[in-house]
Structures are given as C-alpha cells and as structure tokens.
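K.L.:
Going left to right, the sequence shown walks through residues 171 to 300 as our numbering numbers them. Below are the structure tokens for one structure; questions will follow.
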Amino acid sequence: MENLRCEKAVEKKHNGYNCAQAVACSFCKEASMDEDTLKKITQGFGAGLGTMAGTCGAISGAAVVAGLISQDKAGTSQTVRSVMNQFKQQNGTVICKDLKGVETGKVLRSCDDCVRDAVKFLEDALKSGN
171 MENLRCEKAV
181 EKKHNGYNCA
191 QAVACSFCKE
201 ASMDEDTLKK
211 ITQGFGAGLG
221 TMAGTCGAIS
231 GAAVVAGLIS
241 QDKAGTSQTV
251 RSVMNQFKQQ
261 NGTVICKDLK
271 GVETGKVLRS
281 CDDCVRDAVK
291 FLEDALKSGN
C-alpha cells in the first residue's frame, strides 16, 4: 500500500517545490506551521544546499520538521540521526551529488524516491519517539 503522505510530497515536488520543501510541507500540521512559511524556511535547502554537494534536501526538510516538532535539542538530534541512518542504509549516501550520480554518471536514487524515503523515515521516527 502506498503511503499517502509520501505521494502528496512527491506531488509537491512535481509542482515546483524543492525536495526540502516537499518533505517539510507534508508535515505542516504536525509542525504547527502554515505551508507558505515552512516553504520559505526550507527554500535554501534544496539541491544539497543549493549546490548538490551537500546533504540531500529531503533530509534537510525532515530535519527542519524534527526541530519544529521536538523543540528539544536532544530529541531533534535523535530524530534526525534516525532519519539519516535509515536513509543512508537505504541509499548508500546522504549527499545529493552522489545520489544524483553527478561525478559517476550512476544515479543511486531519484529525487522522488529521496522525498518518499525522507517522509517515510521521518514518520517512523516520530511514531517511535526517535
């Protein structure tokens, strides 16, 4: 069964949101934030922090949401660590340019699937209290 939140996030990605925005804006209710504000907050996190050399935007979006929901440094760190570890285990890396195969020519994961992964792993971490 497909995850509805994951697919809504991918739909956002296809409608002009970057990966960070697509993930973060899928959790507006839980983050107690309106979509326009959350979209603005995460606009610089797409494409591996705008350069593809950094952390995948989907993970960055999840990290922003974790901070808004937890509002506690230790809890936020635990949630983000859980998301990053699962993402890295699934995809082999958390770096955008490596996921996109910029240097190797081999795409490890599409942006759509990175968004799906980040949403799913964040949902799981929030449910388990990590």
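We put the beta carbon where it would ideally sit given N, CA and C, even for glycine.
Among 191, 216, 196 and 215, which residue has its Cα nearest to the Cα of residue 209?
P.N.:
Ranking the options by Cα distance to residue 209, first place goes to 191.
K.L.:
Can you tell me where the alpha helix (DSSP H) with residue 265 in it begins and where it stops?
P.N.:
Run containing residue 265: none; DSSP gives neither H nor E here.
K.L.:
What whole-angstrom Cβ distance do residue 216 and residue 224 have, given they're in contact under 8 Å?
P.N.:
Actually they are not in contact, since the Cβ atoms of residue 216 and residue 224 sit about 10 Å apart, beyond 8 Å.
K.L.:
Can you round the beta-carbon distance between residue 262 and residue 238 to whole angstroms, since I take them to be within the 8 Å contact cut?
P.N.:
Not really, about 28 Å apart at Cβ, beyond 8 Å.
K.L.:
At what residues does the alpha helix (DSSP H) containing residue 294 begin and finish?
P.N.:
First-last of the alpha helix (DSSP H) with residue 294: 281 to 298.
K.L.:
Would you call the CB atoms of residue 211 and residue 288 closer than 8 Å?
P.N.:
Against a cut-off of 8 Å, the Cβ pair of residue 288 and residue 211 comes out as no contact.
K.L.:
Among 260, 246 and 248, whose alpha-carbon lies nearest the alpha-carbon of residue 284?
P.N.:
The shortest C-alpha separation from residue 284 is found at 260.
K.L.:
How would you label residue 322, buried or exposed, when you count the other beta carbons within 10 angstroms and need 16 or more for buried?
P.N.:
Within the shown structure, residues of the chain are numbered from 171 to 300, placing residue 322 beyond reach of any answer.
K.L.:
Indicate whether residue 198 and residue 226 have their beta-carbon atoms separated by less than 8 Å.
P.N.:
Taking 8 Å as the Cβ cut-off, residue 198 and residue 226 do not qualify as a contacting pair.
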